[in-house]
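Heads up: the sequence shown runs through residues 0 to 119, numbered per numbering that gives the first Met the number 0.
The beta carbon of each residue, even a glycine, is placed where N, CA and C say it ideally should be.
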Amino acid sequence: MRPLKADWHYKRGDIYLVDLNPYRGSEQGGVRPAVVVQNNSGNYHSPVLLVVPLTTKIKKESMPTHCLIKSHCLRELSMAICESPRPVDKARIQGYLGKVTKADLDRISACLKASFAWKS
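Structure (structure tokens):
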């Protein structure tokens, strides 16, 4: 994990270790990897990032809002939980892990479209 400098530029598709505590009910919590899904302009100008949490508990693979992610920067096969995107303050970011492939980012985008019932 790489520590971040003050002038770090967050990018769509980056994977960060994020502190999602506190959480409520069925929200994803804990310190876990998450993929930035917000556009790069928003990432640059906003103090908040929109992320999709990852989990190593592989369940309900066939859901249209779940997709598997295998990345060299992740210790285990992980699943993007695209029905649970959430805004996080950049202060919650604990470190840079790497990035997803373009194919993985395209699949995450498709899962987000399914989650929000976007047609195109």
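Residue span of the alpha helix (DSSP H) that contains residue i, given as start and end
i   : result
Y15 : Run containing Y15: none in the alpha helix (DSSP H); it sits in the beta strand (DSSP E), D13 to D18.
Y43 : N39 to H44
Residue interval of the beta strand (DSSP E) (run including residue i)
i    : result
A116 : First-last for A116: undefined, no H or E at that position.
P52  : V47 to T54
R31  : V30 to V35
Of the residues the options, the one placed nearest residue i, counting alpha carbons only
i   : options                  : result
H54 : Y43, V47, K69 and L48    : One detail in the question is off: residue 54 reads as Thr in this sequence, not His. Residue K69 is the option with its Cα nearest to T54.
T64 : A79, C72, E75 and H71    : A79
V99 : Y43, G28, N20 and V51    : V51
C81 : R74, K89, S45 and Q27    : Q27
E75 : G12, P46, R31 and S114   : R31
S40 : K118, S108 and R11       : R11
M62 : W117, N20, C110 and F115 : C110
Close Cβ partners of residue i (< 6 Å) along its chain, the five nearest in sequence each way excluded
i    : result
I57  : M78
D103 : I68
Own chain residues within Cβ distance below 7 Å of residue i, not counting five before or after
i   : result
C72 : I14, L96 and G97
Other residues of its chain near residue i: CB distance less than 8 Å, five sequence neighbours each side excluded
i   : result
Y43 : H8 and Y9
S83 : E26, Q27, V51 and P52
P21 : G28
Span separating the alpha-carbon of residue i from that of residue j
i    : j    : result
R106 : R91  : 25 Å
V17  : E60  : 23 Å
V34  : S114 : 16 Å
S108 : S45  : 21 Å
K118 : K112 : 7 Å
G94  : V87  : 14 Å
C66  : V47  : 24 Å
N38  : R85  : 14 Å
Next item on the list: Output the residue ranges of the beta strand (DSSP E) runs that lie fully inside the segment 69-95 and measure 3 residues or longer, sorted by chain position.
Entry: The DSSP assignment places 77-80 and 85-88 as complete runs of the beta strand (DSSP E) inside the segment 69-95, in order along the chain (cut-off: 3 residues).
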